[in-house]
């Protein structure tokens, strides 16, 4: 039901799910299952679940609704969207997606392309895409950790797989590699369970991953720990890198990162001298203006160590023979899209066709570079997930028309003019991992019927497309769509369900047959394309922007550094209304070092305020000696579905994004904002 991919065995009686357990035959999780998976019964049958389309009849956010039919709901959408298109004002429409889980994102992009609507907003600039685009421009593919070989060493960087899985990579895969004797280096500001199991734990200052990666590259290059044969034959720009690294001293990098120089050396030698080794990187490295260059630095580390596309390293997993995502979204039907994007200057985001979230917020409020008046959101909760939640609220309120497709009445849905009730992933057939670069897709087959008027997101968009006069580009039903996607593999969806998983042709060192998929056919350490676009061709560290850096008074006011962590019992802002999960994690918790707490007379369990220049929230203190005394780790994604007495169900009480900003500078190639390493202060309530 999320994008992790764990196989589940779902027990059904009289049309209802009665038990959920892990599937021991799943090649990913092999029987393990998290609390989120087990709790899905509560989600499907929740009394607050949306079961009918709703039209707003009161003021926006007032909570006054009228039940309407699906025919009226779709007719309303057709009227609002069609009016703008008839006027030639397609650019005033925006589609927005939260975390994609199946085909729904691609159905949305298909509809947008056919309508000539250029603005499709996704979390891509801060989630996955910095890593994927950095990989593609460096070596032509997204390298996946090869846990099956297995590796002799795993370098876990900004990832916490034992609590929060990546898409396509499951914590149990890493655990099996460790059980088979792999050494472990963990890089994390927190002493997580993974860090406590590590042979070596490096605890960097939040936001300095790029500086630390440069430090490791420096040691490996200058001590000759790289794979000379691979570097000589399969890379370009190594000598430029060697020269570039001389500009940094290890003492300087140690001061920036808070990691002692001897630890940087030790980690570099352990990684450089242990083969095979893989890097398990996480979403955390994408949460600041160094996102793409941090990923580039780690890509170079994978390459020069000789672990790229080697058994037990980071490998190229080719996709199965199915319809390509570019064909599904009919990208060639809208060749002028890039020039019509709100922010074409973010070249990597433009290449992928998405708009960073802060760009849409700024455009709605300013009307520049053009006005956005209509927005359709599916699978997302921007009030909780977009940076600068206060400004996001203003933007959503300013829209002429807002439609939200959702399972529950989230804070964002409460602002909508039209709310569409959606089906959960247990209630319709879908393809998991479509479009992701892990080399496989999963059959996510329907288990139970949805409530009568709850539709899959893809079905809503399919029917909307047909009503907008695009019948020939959409399908009579979703099964026809699934069958068409699978046709190149010589099967239909019923065949696929029996197989369960479909993989590409996986080999090692595929570059030996024709080089890497880059202009030079080699790993581009020095990236000429970035240079031509006006960006740094080599990973270059610059201090993170900080409003208090040159202001002693602001430094005194905000002496601590704010970072954040995802709660293992929730998925972004979802599931806080499920009793089984809320019992495990009842409150938003902020981690403080015991000494820091003592200095402020804060005790375990006290409610405290967290303040940045952007705003103030409240969370519950938990004392943790596994973080630096200067660091505060806040909880992300919190609202209070049970608090009907609070504005928009307590959207701002503990919302991390009340504290984050969305103003420039941004990461220059993809538009990432600074979500971590923010100056803050904490006080007792």
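Numbering (the working numbering), first residue to last: -4 to 680.
Backbone N, C-alpha and C define an ideal beta-carbon position, used for all residues, glycine too.
In whole angstroms, what is the alpha-carbon distance linking residue 216 and residue 263?
10 angstroms
Report the residue from 361, 368 and 407 whose alpha carbon sits nearest the alpha carbon of residue 381.
Nearest option by C-alpha distance: 407.
Run through the region 45 to 101 for me and flag every whole alpha helix (DSSP H) of 4 or more residues, listed as ranges in chain order.
65 to 81
Leaving out the 5 sequence neighbours to the left and right, which residues in its chain are closer than 7 angstroms to residue 577 when beta-carbon positions are compared?
571
Given residue 56, which residues of its chain have a CB within under 7 angstroms of its CB, disregarding the five upstream and five downstream residues?
409, 410 and 643
Take the Cβ of residue 668 as the centre, count every other Cβ of all protein chains shown within 10 Å, and call the residue buried at 16 or more, exposed below.
buried
Span of the beta strand (DSSP E) around residue 399
396 to 401
Which runs of the alpha helix (DSSP H), 4 residues or longer, sit entirely within the region 272 to 353?
286 to 299, 320 to 323, 332 to 335 and 342 to 347
Out of 614, 201 and 343, point me to the one whose CA is closest to residue 280's CA.
201
Element boundaries [beta strand (DSSP E), containing residue 688]
Beyond the ends of the chain as shown, which are -4 and 680, falls residue 688; an answer cannot be given.
Reference residue 136; option with closest CA among 61, 297, 671 and 86:
297
Where residue 213 sits in the DSSP three-state scheme
Helix at residue 213.
Measuring straight from C-alpha to C-alpha, what distance separates residue 516 and residue 156?
The C-alpha of residue 516 lies about 33 angstroms from the C-alpha of residue 156.
By DSSP, does residue 133 sit in helix, in strand, or in coil?
Helix at residue 133.
Measuring CA to CA, which of 505, 386, 626 and 341 is closest to residue 525?
When each option's Cα is compared against that of residue 525, the closest is 341.
Nearest-angstrom Cα distance between residue 266 and residue 207?
14 angstroms
Indicate the three-state DSSP secondary structure (helix, strand or coil) for residue 476 in the structure shown.
helix
Touching or not, the region 483 to 501 and the region 305 to 318, by the rule of three or more beta carbon pairs under 8 angstroms?
yes
Taking all protein chains shown into account, do 16 or more other C-beta atoms lie within 10 angstroms of the C-beta of residue 550, making it buried, or fewer, making it exposed?
exposed
Excluding five sequence neighbours on each side, which residues of the same chain lie with their C-beta closer than 8 angstroms to the C-beta of residue 309?
138, 139, 140, 141, 273, 274, 297, 302 and 303
Hey, how far is the Cα of residue 13 from the Cα of residue 5?
Spanning the two alpha carbons is a distance of roughly 8 angstroms.
Beta-carbon proximity list for residue 729, same chain, < 7 angstroms, skipping 5 on both sides
In the structure as shown, the chain starts at -4 and stops at 680, and residue 729 therefore has no counterpart that could be examined.
Which value, in whole angstroms, describes the spacing of the CA atoms of residue 660 and residue 460?
The alpha-carbon of residue 660 is positioned some 38 angstroms away from that of residue 460.
Residue from 619, 223 and 3 whose Cα sits closest to the Cα of residue 268:
223
Determine the DSSP secondary structure at residue 589, reduced to helix, strand or coil.
Residue 589: helix per DSSP, three-state reduction.
Could you tell me the alpha carbon to alpha carbon distance between residue 179 and residue 147, rounded to whole angstroms?
Rounded to whole angstroms, residue 179 to residue 147 spans 9 angstroms at the Cα level.
Can you tell me where the beta strand (DSSP E) with residue 391 in it begins and where it stops?
From DSSP, residue 391 is part of no beta strand (DSSP E) but of the alpha helix (DSSP H) over 384 to 393.
Opposite residue 234 in the DSSP bridges: which residues?
Bridge partners of residue 234: none, in fact.
Can you tell me which of 294, 374 and 29 puts its alpha carbon nearest to the alpha carbon of residue 101?
The residue among 294, 374 and 29 with its C-alpha nearest the C-alpha of residue 101 is 374.
DSSP state of residue 469 mapped onto helix, strand, coil
coil
Hey, which unbroken runs of the beta strand (DSSP E) at 3 residues or more fall wholly within the region 143 to 200?
148 to 152, 178 to 182 and 195 to 197
For residue 116 versus residue 91, is the C-beta spacing smaller than 9 angstroms?
Yes.
Beta-carbon contacts of residue 596 that lie in its chain and below 8 angstroms, excluding the five residues immediately before and after
Only residues of its own chain outside the window of five on either side were considered, and among them 679 have a CB closer than 8 angstroms to the CB of residue 596, listed in chain order.
Here's the rule I'm using: 16 or more other beta-carbon atoms within 10 Å means buried, otherwise exposed. How should residue 185 be labelled?
buried
Decide if the region 348 to 357 is in contact with the region 119 to 127; the criterion is three or more beta carbon pairs, one per stretch, under 8 angstroms apart.
Yes: the two stretches touch, three or more of their Cβ pairs being nearer than 8 angstroms.
Cα-Cα separation between residue 81 and residue 74, rounded to whole angstroms:
10 angstroms
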